[in-house]
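*Asks:* Be aware that the sequence shown starts at 2, since it is given in this note's numbering, and climbs by one per residue.
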Amino acid sequence: MVHQLLIATLLYLIYFLVIPQELSAQTPGLSGINVLINRISTEQGLSNSEVNAITQDKQGFIWIGTAYGLNRFDGENFTVFVNDPNDLTSLSDSFIWSLYVDREGTLWVGTQYGLNKFNPATRTFKRYFHNPENPQSLSSNEIRSFYEDRAGVFWVGTARGLNRFDRTTETWTFFLPTPNDSTRPGDNFVNAILEDRQGNFWIGTGNFLMNGGGLHKFDRSSGTFKHFWYNPSDQKSLSDNWVTSILEDQSGTIWVTSDAGDVNKFDKVFGNFTRLKLPVAESTNLNSGTLSIKCIREDNLGALWIATWGWGLFRYEKRTETFMQYTFDAANPGSLSNPAVNMLYIDKAGLLWAGTSRGGVSTVATKPFLHRHTLGNSLRIGSRVDDLFTDSQGSFWIGAVGIGLLRFDILTRRFTNVLPDGTGIKMYEDATEIIWISTLDEVTKYNIKTGTSAVVWSIPSPHGSQEWISSILPDKEGFLWVGTNGGSLYRIGRNLKEYSVFTHDTQNPKSITAGPINSMLQDQTGIIWIGTTEGLSRFNKDTQSFSRFTHDERDSTSLSSNYWCSLLEDRSGDLWVGTSDGLNRFNEESLNFTRFYTADQRHGRFVNLMLEDNKGRFWYGGGSNIFMFDPAAGSFRSFDESDGLEHVDVLGWSLIKLKSGELVFGTANGILVFNPESVKVSSYVPPIVITGLKKLNQTINLATLPELMSEITFEHEDNVFSIEYAALSYDMPAFNQYAYKLEGFDKDWVYCGNRREATYTNLDPGVYTFFVKGSNHDGVWNEQGTSITIIISPPWWKTWWFTIFFWVSVAGSIGGTLRYVEKRKLQKKIERLERERALEKERVRISQDMHDEVGSSLSEISILSELLKRDMSKSEEAEIHLRDISDRSAEVIENIGQIIWAINPRNDPLDNLVAHLRLYTADYIRKAGIKYSFKIPDNIPAYHLSAEVRRNVFLVVKEALHNIVKHSCATEVQVRVDFLQNQMIISVKDNGEGFSINQKPGSGNGLINMQKRIENIGGTFKIESEPGQGTGITITVNFIV
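1) Distance check for T705 and L656, CA to CA, integer angstroms please.
2) According to DSSP, is I778 part of a helix, a strand, or is it coil?
3) Who are the Cβ neighbours of E535 in its own chain at under 6 Å, not counting the five residues just before and after it?
4) So G262 and L216 are in contact, right, with Cβ under 8 Å, and what is the actual spacing, rounded?
5) Go ahead and pull the three-state DSSP assignment for I347.
6) What is the residue span of the beta strand (DSSP E) that L406 lies within?
7) Note the first and the last residue of the continuous beta strand (DSSP E) segment covering A308.
8) If contacts are defined as beta-carbon pairs under 8 Å, then M344 and A308 qualify, I think. What distance do you get, rounded to the angstrom?
9) Distance check for E744 and I1, CA to CA, integer angstroms please.
10) Using the Cα positions of Y16 and Y621, report the straight-line distance between them to the nearest angstrom.
11) Between S988 and the ligand SAM, is the CB less than 6 Å from at least one heavy atom?
12) What is the DSSP secondary structure of L679, reduced to helix, strand or coil?
13) By the 10 Å Cβ neighbour count, where 16 or more other Cβ atoms means buried, how is G33 classified, buried or exposed?
14) For S459, name the three-state secondary structure that DSSP assigns.
15) Where DSSP assigns a beta bridge to T504, which residues make up the other side?
16) What span of residues does the alpha helix (DSSP H) with Y921 cover, start to end?
17) Measuring CB atoms only, is the stretch 447-466 touching the stretch 485-493, in the sense that at least three cross pairs come out at less than 8 Å?
18) Compute the beta-carbon to beta-carbon distance between L729 and G76, rounded to the nearest angstrom, for a pair I have assumed lies under 8 Å.
19) Give me the DSSP bridge partner(s) of A728.
20) Assuming V578 is part of the beta strand (DSSP E), what are its boundary residues?
21) Taking contact to mean 3 or more Cβ pairs, one atom from each stretch, closer than 8 Å, check whether the stretch 768-775 and the stretch 602-621 are in contact.
22) Could you name each continuous beta strand (DSSP E) segment of 3 residues or more that falls completely within the stretch 698-729, going from the start of the chain to the end?
23) Once you ignore the five residues that flank Y925 on each side, which residues in its own chain have a CB closer than 6 Å to its CB?
24) Once the 5 residues before and after L279 are set aside, which same chain residues still bring their CB inside 6 Å of it?
25) Where does W475 fall in DSSP's three states?
26) Distance check for G162 and F1, CA to CA, integer angstroms please.
27) Let me confirm a value: F175 is counted as buried when at least 16 other C-beta atoms fall within 10 Å, else exposed. Which label applies?
28) Nearest by alpha-carbon distance to F1040: which of N992, V954 and G1031 is it?
29) Helix, strand or coil for E23 per DSSP?
30) Counting pairs of beta carbons, one from the stretch 774-793 and one from the stretch 628-642, are three or more of them closer than 8 Å?
31) By how many angstroms is the C-alpha of L834 removed from the C-alpha of T1035?
32) Out of E642, P677 and I1018, which one is the CA nearest neighbour of L659?
33) Starting from N53 and walking both ways along the beta strand (DSSP E), at which residues does that stretch end?
34) Compute the beta-carbon to beta-carbon distance between S99 and Y69, rounded to the nearest angstrom, for a pair I have assumed lies under 8 Å.
35) Could you say which of W654, D220 and A633 lies nearest to N609 if we only look at CA atoms?
36) Is it true that the CB of R40 sits closer than 7 Å to the CB of S358?
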């Protein structure tokens, strides 16, 4: 009796809840999508519950204007600005009427008394007032609306006309009403301003205290207005003269709302209106009075949202011309906070903000799991659904504990009770439209065409009493595979009588993996895969053996876990393995795996049964969540109650995809149905901002807003400091995720979930950079994030000035100790320099004496010898001797001159050596009748050479020239002097006979002496010669800098 009652209840619920029914329970004229509403009130920090204006700045913060105070909201915390009578840079008044952010990012605040321009760098406001004495001031102090046109002209609507702002002179031109004057608006109370895409400028005026008002089209070229007013006798006229808002939708249609309760659609061709009446019932009005429309906005999907006073919100779907109403329900915290809605705003992510009267703010977001689908949203039958199945004919099967296995035929809409017990049921359809159904220990064959069924196989004894069937798979070759909880795998022949059994053998590495068999799959190539609680196995039909794949802690390319191992082959042919710790993609070429995990280690890691939707995304369930994995992006998304998902216990092992693409999950007491096509993951990349700083757990009061700061300095005693941050995405901000890193301290990113604060303690003095990145609730990350430089000042004893003072003191002490020693060293140095100076003077004196005395004497010898030659008889022998005397005397004079030149300190400059070589070469080679060249650079370095260096260089060059004249038979000589960094390079080359280097001419002593001279002064000597090719020497001398 109980069993029959359960079946009857199930049939009733499926018929009325699963099969689509007319939506007759809704208010006539109302249909559409459901939404998720979140309330923001004074309990969370809002300064006042009367909200008149909302906007979003260029950083992404939400600004909320209330009857007392301006609020900046970051998704969790508020910063409040109010009027301070003692501070002329504060708000001019705390009652906020309107807010606007212009193209430059400047926030304008319209109050009951004055206009304000916000400076975020100083957290101050610049005020603008009406001055009766100044016609170029604002026309009124009550600021009701703003607009910046496409030319960048800024307009302000006040309670006394329209004002145009000159940014250069900061003066105002205003337009005041004049009766029957086309150059003035029909009313001075400007509620709305709009420039349409055709360049027409529209102004909406009117209020409850005045007559007049209306909609006005302003021709800015002529400065005239065309008026549109309410005419009681004309249904195509404006429905009311109190115009509250103007909107141009995505198609270019102009919509005008009025206080009388109609939405007016403007016909640009005929210049008239079509009135759109809201489907309201008096029972839905929670405030007294007639219907009043306050605002109209269009969402990203093209639907119109209409704010009313007393009837809440309406969503108008233009395509279907249908409405959906959302209002206040005291028993439902997910309803509007108040039915009296003052204004609407849609932020950059598409979230709708509703400012209410005395109810704070309500945010409104459409959610995928709140759409109505083919099978409805859910089915509660009070019993656990162990298996779900859809066959090739589209029939839907449910296996429920205590109720049995039911088949629902979509065409006939009739149910068939196939089996009386639904416990442990598993189903699979083969290519012949035969459905194989397993219960605890039996396999039933069901013929779809005939509707007949029969038990065809049971677990053989003695295992039948100890094991039950956990998985079945009919393969493409006609074999039936049956896996059990005891780890036995049966391969049953086509006749369903013969079978083979495979079990785990600890001594055989080619046996099947141990553990209960949870899943089986035959891939596109025909390979059978088996997933157990201890790993994955692949069957080789040729060898009748298995290859095992298991988890290895030392190998990151192994399975992420052995436990569970559910299987899926995607549309690309890739094999995916679900485990108790994440997803794994099998790499066929390398025979290993790539792992994928959810960021949250507590949820979504356990992957039971999974399915692929029509977009290639994977779905699986667990607990109160449904999870989506996008293989293309490698990202996970979790869905729960905040997404509109009904709070149910989702079972991970019962899941099917219908032909419609809808997914059906089994739950602990029924089924859950949704269409994955309706799941639109937000692509909005939230701005990441620094929202606050603390030291020693106390908030730091900053002169500028935190997000504008590039660096901050903490003293060393501030050994605990915190940085607060936010991802400015306001749809379920509690699900925004964050990661941070302090460069110079943290080695890797710290993924901290939804925590919005990072705290550091006892950092070493230095400069650090704090980076933070974050995501929206759908897991879309802003990888660039933001950063701030953190400077930790050292204690005074580690500061630079103390360090300098310390070392100066130490140096002074050491200097005092060593002063005497240094003084003695200095004295010795002075004495050495004095000796060197005396020696230099002595060199000059010797040089002068040798020149004056020895040179003079030798000159006299030479002169006497010449005289002697003239007077003596012409004896040939005497003449030879006298000639020798003359030659030797000349040679002595020359050598002594060279010695004098070498030891004279006035010749130490390098250019003197070069000039001396050049002069000697010219004199000596010219006398020999040989053509020569002497090449030197334009600039000669300002080096000083010692007497030894100069003398040896000169003698080597002299010897080289002497050898050329005496032995080479050369006709040309080239001398070249070059300078390279700290070196002088002199080369002497001729075009004479040359010789073999291995057979040097003569004794070779001359060349050896030349080489020794250069090596003695730290240089190098090189000679090159070949017979018939001339001879060349190169000497290199290093300068001592």
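The beta-carbon is built from N, C-alpha and C at its ideal position, and this holds for glycine as well. Being a predicted model, the structure only gives us computed values, none of them experimental.
*Replies:* On the basis of the coordinates in this document:
1) One-based indexing of the sequence shown puts residue 656 at position 655. One-based indexing of the sequence shown puts residue 705 at position 704. Cα to Cα, the separation comes out at about 54 Å.
2) Locating residue 778 in the sequence shown gives position 777, where the first residue counts as 1. One point to set straight first is that residue 778 is His, not Ile, in the sequence displayed. Three-state DSSP puts H778 in coil, outside helix and strand.
3) Looking up residue 535 in the sequence shown gives position 534. Closer than 6 Å at the Cβ level, and outside the excluded window around E535, lie T514, A515, G516 and N563.
4) Position 261 of the sequence shown, counted from the start, is the residue given in the question as residue 262. Position 215 of the sequence shown, counted from the start, is the residue given in the question as residue 216. With 8 Å as the limit, G262 and L216 do not qualify as a contact, their Cβ atoms being about 16 Å apart.
5) As a position in the sequence shown, residue 347 is number 346, starting the count at 1. Three-state result, I347: strand.
6) Taking the sequence shown and counting its residues from 1, the one referred to as residue 406 is at position 405. Segment G405 to D410, the beta strand (DSSP E) holding L406.
7) For the purposes of this step, residue 308 is identified with residue 307 of the sequence shown, where counting begins at 1. L305 to T309 is the extent of the beta strand (DSSP E) around A308.
8) Reading the sequence shown from its first residue, position 343 is the one you call residue 344. Reading the sequence shown from its first residue, position 307 is the one you call residue 308. Contact flag correct, Cβ pair sits at about 6 Å.
9) Summary: the structure shown does not reach residue 1, with the chain confined to residues 2 through 1042, and so no result is reported for it.
10) Here residue 16 is taken as the residue at index 15 of the sequence shown, counted from 1. Here residue 621 is taken as the residue at index 620 of the sequence shown, counted from 1. Note that Y16 scores a pLDDT of 38, beneath 50, so its modelled location is shaky and nothing firm can be said.
11) As presented, the structure is devoid of all ligands, the ligand SAM included, so that no description of it is given.
12) Taking the first residue of the sequence shown as 1, we reach residue 679 at position 678. This sequence places Ser at residue 679; Leu is not what is there. Secondary structure at S679: helix, using DSSP grouped into helix, strand and coil.
13) Here residue 33 is taken as the residue at index 32 of the sequence shown, counted from 1. Residue placement at G33 cannot be trusted, given a pLDDT of 45 that sits under 50; what the coordinates show is reported in the next sentence. Burial call: buried.
14) As a working note, residue 459 is residue 458 in the sequence shown. Assignment of S459 by DSSP, reduced to helix, strand and coil, places it in the strand class.
15) Residue numbering aside, residue 504 sits at position 503 when the sequence shown is read from its first letter. Its beta-bridge partners do not exist; DSSP assigns none.
16) Numbered from 1 along the sequence shown, position 920 holds the residue referred to as residue 921. DSSP places Y921 in the uninterrupted alpha helix (DSSP H) bounded by L911 to K928.
17) The stretch 447-466 is in contact with the stretch 485-493.
18) As a working note, residue 729 is residue 728 in the sequence shown. As a working note, residue 76 is residue 75 in the sequence shown. In this structure, L729 and G76 form a Cβ contact; the two beta carbons are roughly 7 Å apart against a cut-off of 8 Å.
19) Here residue 728 corresponds to residue number 727 of the sequence shown, with the count starting at 1. Among the bridge pairs identified by DSSP, A728 is matched with I689.
20) By one-based count along the sequence shown, residue 578 stands at place 577. Per DSSP, V578 belongs to the beta strand (DSSP E) from L576 to T580.
21) In the pairwise beta carbon analysis, the stretch 768-775 is classified as not touching the stretch 602-621: fewer than three pairs are separated by under 8 Å.
22) 712-715 and 721-728, all fully within the stretch 698-729.
23) On the sequence shown, residue 925 is found 924 positions in, with the first residue counted as 1. Leaving aside the five residues that flank Y925 on each side, the residues in its chain whose CB is nearer than 6 Å to its CB run, in chain order, L962.
24) Position 278 of the sequence shown, counted from the first residue, corresponds to residue 279. Only F315 meet the Cβ criterion.
25) Stepping through the sequence shown from its first residue, residue 475 is reached at position 474. It is worth fixing the name first, because residue 475 is Pro in this sequence and not Trp. Strand at P475.
26) Lying before the first or after the last residue shown, residue 1 is absent from the chain, which here runs from 2 to 1042.
27) The count along the sequence shown starts at 1 and reaches residue 175 at position 174. Under the 10 Å beta carbon count, F175 is surrounded by 16 or more other beta carbons and is classified as buried.
28) As a first step, residue 1040 is located in the sequence shown; it is residue number 1039 there, counting from the start. For the options N992, V954 and G1031, the alpha carbon positioned closest to that of F1040 is the one of V954.
29) Position 22 of the sequence shown, counted from the start, is the residue given in the question as residue 23. At E23, the pLDDT of 30 sits below 50, so the modelled position is not reliable; the number obtained from the coordinates is stated separately. E23 falls in the coil class under three-state DSSP.
30) Taking a cut-off of 8 Å for Cβ pairs, the stretch 774-793 and the stretch 628-642 touch, as three or more such pairs fall below it.
31) As a position in the sequence shown, residue 1035 is number 1034, starting the count at 1. As a position in the sequence shown, residue 834 is number 833, starting the count at 1. As the crow flies, the alpha-carbon of T1035 is around 36 Å from that of L834.
32) Along the sequence shown, read from residue 1 onward, the residue named residue 659 stands at position 658. Among E642, P677 and I1018, the Cα nearest to that of L659 is on P677.
33) Taking the first residue of the sequence shown as position 1, residue 53 is located at position 52. V52 to Q57 is the span of the beta strand (DSSP E), which, as asked, contains N53.
34) Within the sequence shown, residue 99 is the residue found at index 98, counting from 1. Within the sequence shown, residue 69 is the residue found at index 68, counting from 1. The beta-carbon separation of S99 and Y69, rounded to 16 Å, does not stay under the 8 Å limit for a contact.
35) What you label residue 609 is simply residue 608 of the sequence shown in a count that begins at 1. The shortest C-alpha separation from N609 is found at W654.
36) As a working mapping, residue 358 is identified with position 357 in the sequence shown. As a working mapping, residue 40 is identified with position 39 in the sequence shown. The answer is no: Cβ separation not under 7 Å.
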